[in-house]
Each structure stands twice: as C-alpha cells, then as structure tokens.
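Asker:
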Amino acid sequence: MEWWLGYAAIGAAVGFFAGLLGIGGGATMVPLLVMLLEAQGLPKAQIMHLAVGTGMASILFTSLSSMRAHAMRGIVRWDLAWALTPGILVGGLLGSLITTWVSTQMFAAMFTAVVFLAATNILLDRRPKPSRQLPGMLGSALVGFVISFVSALAAMGGAFLTIPFALYCNVPLLQAIGTAAIIGFPIALAGSIGFVVAGWGQSGLPPYSIGYVYLPALFGIALASVLTAPLGAAAAHRLPTRRLKQIFAVLLYALAARMMISLW
C-alpha cells in the first residue's frame, strides 16, 4: 500500500505542476519515480528504463484531457499538428528503442541533459521572436522527429520544444500551446509502444510490467495527476507564475542531478 501511496503522491505533484505551469510532467516524474523504484529494491540496471517508459505511458492519460480542452476552444493549428505527426511517430519509436542499447548511466546522463535544457528555458522564460513561417512538409516532419526523439529520452510531452518552435514560426502563443497539447499524444503513443517493445522479454522485470511500463506506477500516477491538474490550472490564475517557474526550474536541476549521481 505504501508504494501505491507513493505513486499517487508523484502523480498529484506532477499533475498540479503541469496544470500550474503548462509543462509536461516527465521532468519531475522520472527522478521521483527512480527514487521510489530504488527504495523498492528493483534492479538498478532497469530502473531508469522503467521510470521513463512508465512516465511516457502516463502522458497518454493526461494529454487526452488537455487535447479535448484545447480543441474545444478552437486554438489548435491542425495543419501544424498533422505536418509534425509523421516525424513524431518515427522519432518517438526510434528514440525509445535506442534506449535498449544504452546503459543506465548513459541514459541518466542523456535524460539529465534534456531536463537541464528544459529547466533553463523555464528559468529564462525564453520566447523566440516569431520571425518566419512554418517550413514545408519535409521540414516539419524533420522537426517532429527531433522533438519526439528527444522527448522519448525524458518522458516529456514535447511542449518545451514544440512551443518555442511554433513561436519562432510566427504561430500565436495560444495556438502554439494548444497545438503542443495535441502533439503530446502521438509523442506519448510512439514512445510508449517503443518502451513496451524494447522491454518485452527482458529478464528481471518486476511483476505487472509490460515491457518497460510498470502498471502499478502507471495507474497510480495517471489517476492522481488527472485529479490534480485542474487544481494547478486554477491556482495559475492567482499565483505569480513567473516566480513559480523559476523555483520549479531550480527544483528540476536538483532532482535530475540527484538522480544521475545515485545511478552513477
């Protein structure tokens, strides 16, 4: 029971911050899940893969509600979403499969690098100037591939890369946010399939695992995050979001660094 409570606590924190700050929860979820799986005594060689695979699968649930809310408000650039999706499906699948051949320590180093990049963008509140239009189908597919490939390494929905790219291509901010919410689902879908395939038949995985997706953690995180995300969204209208983003970025640095040190 204590492990279920731990998963629910992670999901509650992830959902709240996702609703509050409008970012994916993988950067927070994975270091916390690594600590919890370590405490359960799971094999260290598989902890990182289980944490990222489970985190990617949980984004499937949280992204669905976000997709519906943004689509109902009519702020989705469907042309951009469809242009990015082919590359997203390939990049997410390839990125998750590649982790099979990467050691836990190297995987932790790559994850930490991605999280540090996301945290720096949050900390500096970077907003590229919208100085150009969207690229063609091939260029958009390549961008989608990169976004999804990187997101698969960190169990992120891709918003930290999608939104700056959309803004750079002269897409209004609200449309960029709405489109990033839509794109989060195919990123999570491709990544989840990849982690299931990559972990299929691996020895030493805990019971109730499907590949590198650990079902008890997935259900606990998904249920709690869906419940707390609206609370975070409501709090965003009352709290100084910029200051909270800065605090959250520092927290990401600390969590990712602590996780890498423990796994090395």
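All residue numbers for the sequence shown refer to the working numbering, where the first residue is 8 and numbers rise by one. Positions of the beta carbon are idealized from the N, C-alpha and C atoms, including for glycine.
1. For Ala-115, which of Ala-187, Ala-58, Ala-195 and Leu-12 has the nearest alpha-carbon?
2. What residue does the alpha helix (DSSP H) around Val-97 start on, and which one ends it?
3. I need the DSSP call for Tyr-175, collapsed to helix, strand or coil.
4. Distance check for Ile-82 and Gly-185, CA to CA, integer angstroms please.
5. With DSSP as the reference, label Ser-216 as helix, strand or coil.
6. Whole angstroms are fine: how far does the CA of Thr-92 sit from the CA of Gln-140?
7. Between the alpha carbons of Val-204 and Gly-218, how many angstroms are there, rounded?
8. Closer than 8 Å by C-beta to Gly-102: which residues in its own chain qualify, once you throw out the five before and the five after it? Chain order, please.
9. Going by DSSP, which residues form a beta bridge with Tyr-221?
10. Is Pro-193 close to chain B, meaning its C-beta is less than 8 Å from at least one C-beta of that chain?
11. Where does Gly-6 fall in DSSP's three states?
12. Can you tell me whether Gln-53 is helix, strand or coil according to DSSP?
13. Am I right that Phe-192 and Ser-65 are in contact with their C-beta atoms under 8 Å? What's the rounded C-beta distance?
14. Decide yes or no for the touch test of the stretch 227-238 against the stretch 86-100: beta carbon pairs closer than 8 Å, at least 3 of them.
15. Of the residues Ile-254, Pro-50, Val-150 and Met-74, which one's Cα is nearest the Cα of Ala-187?
16. Trp-10 to Gly-143, Cα distance in whole Å?
17. In terms of alpha-carbon separation, which member of Leu-258, Trp-108, Trp-85 and Leu-43 lies closest to Gln-209?
18. Using 10 angstroms around the beta-carbon of Met-63, count the other beta-carbons present and answer buried if the total reaches 16, otherwise exposed.
19. Compare the Cα-Cα distances from Leu-44 to each of Ile-17, Phe-23 and Leu-67 and report the closest residue.
20. When you compare only the Cα positions, how much space is there between Thr-61 and Leu-222?
21. To the nearest whole angstrom, what separates the beta carbons of Pro-38 and Ala-242, a pair I think is in contact under 8 Å?
Answerer: Short version:
1. Ala-58
2. 85-105
3. Correct three-state label for Tyr-175: helix.
4. 5 Å
5. strand
6. 18 Å
7. Val-204 and Gly-218 have their C-alpha atoms spaced approximately 6 Å apart.
8. Ser-155, Phe-156, Val-157, Ser-158, Ala-159, Leu-160, Gly-198 and Gly-201
9. Ser-216
10. No chain B is present in this structure, which holds just one protein chain.
11. Missing from the structure shown is residue 6; the chain here goes from 8 to 271 and no further.
12. helix
13. Phe-192 to Ser-65, Cβ: 12 Å. No contact.
14. Taking 8 Å as the limit for Cβ pairs, the verdict is that the stretch 86-100 does not touch the stretch 227-238.
15. Met-74
16. 48 Å
17. Trp-108
18. buried
19. Ile-17
20. Taking the straight line from one Cα to the other gives about 8 Å.
21. In fact, because the Cβ distance is near 23 Å, the residues do not count as touching under 8 Å.
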